[in-house]
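Visitor: First the structure, which I've put down as structure tokens, then a few questions once you've had a look.
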Amino acid sequence: DRFIAAGEDFEQVQTMLDRPSIDVRRFGEDGAADAEESKLRMIVPFGFMMLLWIATFTAGNFLLTSTIEEKSNKVIEVVLSAVGPLQLLWGKILGLALVSLVILVTYGGLAIASLTALALTDLLAWTTLAWAVIFFLIAYFTIASLMAAIGSAVNELSEAQTFMAPVMIVMVLPMLLWAPIAENPDGTLAVVSSMLPPILPFAMVMRIGSATEPIPIWQMLLSTGLGIATVAGLVWAASRIFRVGILMQGKPPSPLELLRWIRQT
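Numbering-wise, the sequence shown is residues -3 to 261 according to the working numbering.
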């Protein structure tokens, strides 16, 4: 009321008093953007994508090998006498999710500490870390469901190579797409990659880390929704394969047989 009585615009005064958002940029003596900062803006998102990659595939590979080993040694039969196959599947996935999260937090904490020591924290917003955790969960459950399904369907690690093509695509594509996405995080390739299961969590983390302007919220939400839908479908399919394949011995199934297992009621 006092602002109105004094003839002042209250909203304008409030805007003037609000804490401004600061975008820190470094420039050389010639006024051009610092080349070192430009390199860092490409390296930092790659580093966090690699953390996501390492944490996800380390746990996923352990899930694959442990499932095959327990199945070949008949240990799985003893375990299934106490719990159901779906309980065992979820126990494996959730247990290794914690291990993977510990890896991510440990190495991510070291990376943040390094940026802090070098006074480069302006290159990494805290919202980026929050979104990184969300997309880490999407990436982990995507890979874990694939690895669990493959591990339950085969008897030896060598037999798993037949079904590893989808996993290899997810492993290789983020490495190939890193440079073009980091250089142009709002380009068509970057946007399409961040909406394309199952590589979208890796692509979106790189986009968030390298973008100089905030990613449109509708793209973030759409990518998250597509990732969750992909995880739901893969976990459902993995549960069908795991239930049938975990006790089967002998010749491994063909891809067509796996599809029949999934369609079974």
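Yeah, the Cβ is synthetic: ideal placement off N, Cα and C, and Gly gets one too.
1. Using only alpha-carbon positions, find the residue among Trp174, Glu253, Val240, Gly223 that is nearest to Phe42.
2. Report the three-state DSSP secondary structure of Gln83 (helix, strand or coil).
3. Between Ile237 and Pro176, what straight-line distance do the alpha-carbon atoms span, to the nearest angstrom?
4. Roughly how many angstroms lie between the CA atoms of Met160 and Ile224, to the nearest whole one?
5. Going by the beta-carbon positions, is the gap between Ile99 and Ala51 smaller than 9 Å?
6. What is the C-beta distance between Leu60 and Ala149, in whole angstroms, given that I count them as a contact (C-beta under 8 Å)?
7. For the candidate residues Leu218, Glu209, Glu179, Met171, whose alpha-carbon lies nearest to that of Ser289?
8. For my contact list, Ala128 and Val201 are in at a C-beta cut-off of 8 Å; report their separation, rounded to the angstrom.
9. Quick one: what's got a C-beta closer than 6 Å to Leu169's C-beta in the same chain, skipping five residues either side?
10. Residue range of the alpha helix (DSSP H) that Ala175 falls in?
11. What does the Cβ neighbour count give for Ala29, buried or exposed, with the cut at 16 atoms within 10 Å?
12. Using the C-alpha atoms, what's the distance from Ile242 back to Met167?
13. Suppose you measure from the CA of Ser96 to the CA of Gly246; what does that come to, to the nearest Å?
14. Only counting the same chain, and skipping five residues up and downstream in sequence, which positions put a Cβ closer than 7 Å to that of Thr124?
15. Can you give me the start and stop residues for the alpha helix (DSSP H) that Leu153 sits inside?
16. Can you give me the Cβ contacts of Glu152 inside the same chain, cut-off strictly under 8 Å, excluding the 5 residues immediately before and after it?
17. Given a cut-off of 9 Å, decide if Ile139 and Ala55 are closer than it, judged by their beta-carbon atoms.
18. Going by the CB atoms, is the gap between Val74 and Gly87 shorter than 9 Å?
19. In or out: Thr226 buried (at least 16 other Cβ within 10 Å) or exposed?
20. If Phe132 sits next to Leu48, beta carbons under 8 Å apart, how far is it from one beta carbon to the other, in whole angstroms?
21. The alpha helix (DSSP H) spanning Ala233 covers which residue range?
22. For Ile146, which residues in the same chain have their Cβ closer than 8 Å to its Cβ, ignoring the five residues on either side in sequence?
23. Mark Val187 as exposed unless 16 or more other C-beta atoms lie within 10 angstroms of its C-beta, in which case mark it buried.
24. Compute the distance between the beta-carbons of Val240 and Trp214, then report whether it is under 9 Å.
25. In this structure, how does DSSP classify Ala29 when only helix, strand and coil are distinguished?
26. Which first and last residues belong to the alpha helix (DSSP H) in which Ile204 is found?
27. Kindly indicate which residue of Leu222, Pro181, Gln83, Ala228 has the alpha-carbon position closest to the one of Thr208.
28. Using only CA atoms, which one of Pro249, Ile211, Pro193 lies nearest to Gly229?
Guide: The structure says:
1. Working through the sequence shown from its first residue, we reach residue 42 at position 46. The shortest Cα separation from Phe42 among Trp174, Glu253, Val240, Gly223 belongs to Trp174.
2. For the purposes of this step, residue 83 is identified with residue 87 of the sequence shown, where counting begins at 1. Residue state, collapsed to three classes: helix.
3. Taking the first residue of the sequence shown as 1, we reach residue 237 at position 241. Taking the first residue of the sequence shown as 1, we reach residue 176 at position 180. Each residue's CA atom was taken as its position, placing Ile237 and Pro176 some 37 Å apart.
4. On the sequence shown, position 164 is the one that residue 160 refers to. On the sequence shown, position 228 is the one that residue 224 refers to. Between Met160 and Ile224, the C-alpha separation is close to 22 Å.
5. Sequence index remark: in the sequence shown, residue 99 carries index 103 (1-based). Sequence index remark: in the sequence shown, residue 51 carries index 55 (1-based). Pairing Ile99 with Ala51 gives a Cβ-Cβ distance under 9 Å.
6. Counting from one through the sequence shown, the residue named residue 60 turns up at place 64. Counting from one through the sequence shown, the residue named residue 149 turns up at place 153. About 11 Å; that fails the 8 Å criterion.
7. Here the chain covers residues -3 to 261 and nothing more, so residue 289 does not appear.
8. On the sequence shown, position 132 is the one that residue 128 refers to. On the sequence shown, position 205 is the one that residue 201 refers to. At roughly 6 Å, the Cβ-Cβ gap stays under 8 Å, so Ala128 and Val201 are in contact.
9. For the purposes of this step, residue 169 is taken as residue 173 along the sequence shown, with counting starting at 1. For Leu169, where only same-chain residues beyond five positions count, the Cβ hits under 6 Å are Ile195.
10. Walking along the sequence shown from the start, residue 175 turns up at place 179. First-last of the alpha helix (DSSP H) with Ala175: 161 to 179.
11. The count along the sequence shown starts at 1 and reaches residue 29 at position 33. Residue placement at Ala29 is flagged as unreliable, the pLDDT there being 49, under the threshold of 50; a coordinate-derived value is accordingly withheld.
12. Looking up residue 167 in the sequence shown gives position 171. Looking up residue 242 in the sequence shown gives position 246. Their Cα atoms are separated by approximately 25 Å.
13. For the purposes of this step, residue 96 is taken as the residue at position 100 of the sequence shown. For the purposes of this step, residue 246 is taken as the residue at position 250 of the sequence shown. Near 32 Å, if we compare the C-alpha coordinates of Gly246 and Ser96.
14. By 1-based counting over the sequence shown, the position of residue 124 is 128. Closer than 7 Å at Cβ, skipping near neighbours: Ile204, Gly205.
15. Translated into positions along the sequence shown, residue 153 becomes position 157. Note, Leu153: premise wrong, no alpha helix (DSSP H); not H, not E.
16. By 1-based counting over the sequence shown, the position of residue 152 is 156. The answer, listed in chain order, is Ile64, Ser68.
17. Locating residue 55 in the sequence shown gives position 59, where the first residue counts as 1. Locating residue 139 in the sequence shown gives position 143, where the first residue counts as 1. A contact, by the Cβ cut-off of 9 Å.
18. Here residue 87 is taken as the residue at index 91 of the sequence shown, counted from 1. Here residue 74 is taken as the residue at index 78 of the sequence shown, counted from 1. Cβ atoms of Gly87 and Val74: not closer than 9 Å.
19. Here residue 226 is taken as the residue at index 230 of the sequence shown, counted from 1. Buried, since its Cβ has 16 or more Cβ neighbours within 10 Å.
20. Indexing the sequence shown from 1 puts residue 132 at position 136. Indexing the sequence shown from 1 puts residue 48 at position 52. Between Leu48 and Phe132 the Cβ distance is about 5 Å, and since that is below 8 Å, they are a contact.
21. Position 237 of the sequence shown, counted from the start, is the residue given in the question as residue 233. First-last of the alpha helix (DSSP H) with Ala233: 213 to 241.
22. Your numbering for residue 146 matches position 150 in the sequence shown. Excluding sequence positions up to five before and after Ile146, its CB lies within less than 8 Å of the CB of Leu60, Ala156, Phe159, Met160, Val163, all in the same chain and listed in chain order.
23. By one-based count along the sequence shown, residue 187 stands at place 191. With 16 or more Cβ atoms within 10 Å of its Cβ, Val187 is classed as buried.
24. Looking up residue 240 in the sequence shown gives position 244. Looking up residue 214 in the sequence shown gives position 218. Against a cut-off of 9 Å, the Cβ pair of Trp214 and Val240 comes out as no contact.
25. The residue labelled residue 29 in the question sits at position 33 within the sequence shown. Because the pLDDT at Ala29 is just 49, under 50, the model does not fix this residue reliably, and the value given afterwards should be weighed accordingly. Reduced to three states, the DSSP call for Ala29 is strand.
26. Stepping through the sequence shown from its first residue, residue 204 is reached at position 208. In the DSSP assignment, Ile204 falls within the unbroken alpha helix (DSSP H) covering 196 to 206.
27. What you label residue 208 is simply residue 212 of the sequence shown in a count that begins at 1. The shortest CA-to-CA distance from Thr208 to any of Leu222, Pro181, Gln83, Ala228 is the one to Pro181.
28. Residue 229 sits at position 233 when you count from the first residue of the sequence shown. The shortest Cα separation from Gly229 among Pro249, Ile211, Pro193 belongs to Pro193.
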